[in-house]
Each structure stands twice: as C-alpha cells, then as structure tokens.
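Every letter in the sequence shown is one number past the one before it in our numbering, and letter 136, counting from 1, is 133.
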Amino acid sequence: MDGFIIFDVSGTFVPYSQFLLCRWGCVVLSSPNTKKFAEWAKQNSALPIYINCYSRREIMAFHAFHERCVLRTDEEYVGAREQIESRWTEIRTRIREVGPLPRYIFDEDVFDNRLKEVEKALEGITEIDMERYVKIFFGGKQWIEDGTTHKIIRLVWSSINGYKSCRNYPASVVIARELISRVARYFAGASWLLKMLRMPGVDGAAVLEKIGVCAFMYRSVVDELVGKMKHLPRTGGAARRGVLARVNAADRYAQDHRIVGFGSGTRQQGAKLDRNSLRPRVLYIPDIPNFPVVDGFYFVEAPPEDGGVAGGGGAGGVRWWNWTFVGVQVTKAGKHGTDCGAVASFMRRMEQCIVDWEQLKGQISWEIIYVQGRDSIAITRRQACKMLATEDGVTNKRVLTDEGRRRREERAQLLREHQSALAFWETVEQYQVKLDSELLTIISRAAEIGERVLVERAGIAVKVRRKAGGKQKCS
C-alpha cells in the first residue's frame, strides 16, 4: 500500500532525509523560510505549492456545508435558519477581529483566548516597530520570520505587477484599522507625511494615495491646489468656485488633525463627535481602511456662494449654517465613480461618528476633491453614483410567506436607503486636481519646514522648562 508522508515543519525541526528512498510521496508544510526545507527539496526535486489562508467566502461555504449536514430536511432548515444566520454573524465578527483562521473562529473560548493574544500583541508595539509597519502598509514589505508578529500580521502569497512574492499584511480588518491608527498617531504632526515619504523601501505613490489627504494640512500646498482645481459640473451646469477658492488663505487649510475611531468587530467605538467637539479646520482621518467615498475630511467656514443658508436652518443649525464639508479622495484611477451602496455606507458611518448627523447633513454645503497622482489619467467628468437597488417586482396579489414578507421589507428598506443616498450625492459638488511635480515639490518643502518648526518648538520648550526649574531653585 502506498501513501504520503506529511512533515509539518516548525521550530528547529526539518524533514527527515532518510525518507527520500521511500516509495511514498512526501509533503512538507512550512513557512517560506527556505532554511527549513531547501536542502530536502533540492535532494528530492520537490515542487513548491503556495497556499494562502482561507478567504471569508471559503469559510462561509464551509460553515454552510457543515450546517447543511446537520439538518436532514428542508423543513428543519427553514425552522433553524435564524439560528444559522446568527451563528454566521458571530463567525463573521470573529473573522473581522482575528482573521479568517478556522482554528480560532469556530469555538468561543478559543476565540476569546486568541483575541486576548492579539490585543496583547498590539499593546506591545514599540516605537521601533512603527517604521516596519509603515513599510508593510506602504512598501509591500516582504515576509520575514518574526514570531512576535504572527498574531497581527499574516503571510500572503501575492502577485504585484507580475512579480510574485510572499508579503506581510494585517491579519484582519480590525487589526489593520488598529495598526493604521497607531501608525497615524505615531507620525502625527506637520511632518509625518515627509517622514513616511523619506523612509527607504516605502512606495511614495502608495503613501500619497493612502494618506495624501494629509497634504491639506500645509497652507502652501492648499494654496497651490486651489489654483489647479477644476470643477466637475453636472450635465449642462455651469462651473463654480469651490469653498477653498472663496475663503482667506488662513482658513482654507486644516490646522490640526484628529484620528476618528469607528467601531468594528467586538471592540467599542471611539467617542462620538458632537456640536461642541466638531470643529472647522481640523482634518478628520478615519481609522479604518477603505473608508467609503472619502479618505478624510474637514470643515471650512464660509457663507454659501449664493449668500443664502446652505440647509434648512433651525435652532440647531445656527452653528453650522456657513460650514462646508470638504472631503478628500486620493486616487490613481482615471475615474472614481461610486454607487448608492457606498454612499449609503458613508452616511451610516458618519451617523455613527457624529451625534447630530441628521441636522448637520441638511444644513451645510458639500464638496469632494479628487486628488490624482502625477501619472493618472485626469478625471474630466462628474463622477456618477450608480443605483443598485431596484423596486420589488412581486405583485400585491401574490400571497407571501413570513420569509417572503421579510425579504420584501428588506429590499424595500434597501431601496429607500439607496434613493436617499442618490439624492444626497446630487447635492455634492465635485472637483479634481492632479499632484504634478510642482505640487509634490511643494509638499516636500512644506513638510521640511514643518519638521524644522517642530524641532525649534521642542528646543524652545526645553529651554523654558530649564529656566522655570532654575527660578524655582533660586526661590
């Protein structure tokens, strides 16, 4: 009888070479550390097979198959559907927390232990680790053997521009959000963009695409952007100036920034922004990857161009009537159209973040700026919002089951959300600007000046503390 010998390589263990003369086939399971299997593979003329961890769809299929095997009839399935969906919702939440790892997501106790390990690993991140994580996010850093990061970083076999290699990526959506938040806080200040751009092994274009929104914290950069911005009018509409072109130079750029925390998985959401904490000229940066519609936003105080009130006014609108939302979307694509699902998701996120969102939404003006890379095809037309939901074609004469009525109501609710999102999108003015060589030079120069100012301020603060300490001794 023939079979296969499977070696699970871990630690210092290497596959036994004496099995090479065996008639059985041999399979070695290992990380990409070639020291653990190179000699064995060379002697046996072994071929590599690269396997990534499960995707969420694969785990969903496994879960569905497992549940189906337990149920013997369709009647049992209908009766247990709610429980099955509830279990999948819990599994999906665990995937968002620790990653699509079957050994940790199907058992509650095992998941809780893994979650504690992940949180401990995140809390243990030091300043020395930060540059490495920047390279992971913005440089496609190749995989390294480092047991301390296995809980928060996963290995992925990927192909980038035809070049295949093993790369490090965050293990889950929640971990990615937490790492981005920590990286952003670490590099906070006027010069953090420059620090990232200057790091060896970091792709500057990737940095600008993901955090190019930070360029709006430099006055000289925004001044130059205003001169290059182009309005994307509606069909048959006239071009109009954006709010940044109408206000004084001192009021058009973000003078501070704040990382906005959004709830994800089982973690608690950060503190909401209310009418007292929400301020103009503060760049709000979401702490989750792939935030819908915009990469960041800030508010600018300026009366509407027509001299009227942007929204419906009212007692709660006194503070906001002259505000304009400036959303920034950095993209390399030649078009960046969206759909009602993404806009609806954006509106839900904003409601999650801002206490008085419903009042704010109707009382301010809305603008979005598409910031494109130097080599991008310029966006020249207003970006459309595609309608995805459709009206239910079922006639009222048809008798529906409870399940049918539930699905019909869900579709109706989705349609209402998408219609509201489409109506909202029509109120948003769109602008486009390209980060040409001149702008990139200005960004670098502005960041250098900001870095020197920070150093000078730190030196002055030290001198002041020393003088204050000296006076206390004299007294």
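Glycine is no exception: its CB is placed at the ideal position from the N, C-alpha and C atoms.
Tell me the DSSP bridge mates of residue i?
i, result
"residue 124", "Residue 124 pairs with nothing; no bridge assigned."
"residue 26", "5"
"residue 50", "Beta-bridge pairing links residue 50 to no other residue."
"residue 351", "270"
"residue 255", "281"
"residue 324", "294, 365"
"residue 229", "427"
"residue 335", "382"
Any idea if residue i is buried or exposed, counting beta-carbon neighbours within 10 angstroms, 16 or more meaning buried?
i, result
"residue 334", "exposed"
"residue 106", "exposed"
"residue 26", "exposed"
"residue 94", "buried"
"residue 66", "exposed"
"residue 373", "buried"
"residue 44", "exposed"
"residue 125", "exposed"
"residue 117", "exposed"
"residue 340", "buried"
"residue 24", "exposed"
"residue 239", "buried"
"residue -1", "exposed"
"residue 108", "buried"
"residue 58", "exposed"
"residue 104", "exposed"
"residue 61", "exposed"
"residue 362", "buried"
Out of the options, state which residue places its alpha-carbon closest to the alpha-carbon of residue i.
i, options, result
"residue 222", "370, 5, 419", "370"
"residue 20", "2, 278, 28, 6", "2"
"residue 257", "169, 230, 285, 101", "285"
"residue 325", "220, 348, 211", "211"
"residue 164", "120, 47, 58", "47"
"residue 378", "366, 351, 127", "366"
"residue 422", "409, 328, 287, 384", "384"
"residue 323", "293, 349, 218", "293"
"residue 319", "154, 220, 358", "358"
"residue 52", "97, 42, 368", "97"
"residue 475", "4, 425, 430, 440", "Residue coverage of the chain in this structure runs from -2 to 472, which leaves residue 475 outside it and unanswerable."
"residue 474", "236, 412, 342, 429", "Residue 474 lies beyond the range of the chain shown here (-2 to 472); nothing can be said about it."
"residue 290", "368, 317, 237, 213", "368"
"residue 342", "56, 120, 382, 279", "382"
"residue 37", "360, 61, 50, 4", "4"
"residue 149", "161, 162, 155, 172", "172"
"residue 229", "152, 408, 375", "375"
"residue 338", "412, 248, 282", "412"
Helix or strand or just coil, what does DSSP make of residue i?
i, result
"residue 59", "helix"
"residue 383", "strand"
"residue 245", "coil"
"residue 372", "coil"
"residue 289", "coil"
"residue 43", "coil"
"residue 215", "coil"
"residue 33", "helix"
"residue 300", "coil"
"residue 451", "Unreliable placement is indicated for residue 451, whose pLDDT of 44 sits below 50; the coordinate value is still reported in the next sentence. The answer is helix: DSSP assigns residue 451 an H, G or I state."
"residue 113", "helix"
"residue 377", "coil"
"residue 398", "coil"
"residue 106", "helix"
"residue 148", "coil"
"residue 21", "coil"
"residue 97", "coil"
"residue 220", "helix"
"residue 358", "helix"
"residue 250", "coil"
"residue 317", "coil"
"residue 236", "coil"
Is it a yes or a no for the region 78 to 98 touching the region 30 to 40, going by three-plus beta-carbon pairs under 8 Å?
no
Are there three or more Cβ pairs, one per stretch, closer than 8 Å when the region 403 to 423 is compared with the region 162 to 179?
no
Does the region 230 to 244 come within contact of the region 290 to 301, defined as at least 3 CB pairs closer than 8 Å?
yes
Would the region 86 to 97 and the region 119 to 131 be scored as touching if the rule is three or more Cβ pairs under 8 Å?
no
Can we say the region 269 to 277 touches the region 415 to 435, given the rule of at least three CB pairs closer than 8 Å?
no
Across the region 424 to 435 and the region 222 to 233, are there enough close Cβ pairs to call them in contact, namely three or more that are closer than 8 Å?
yes
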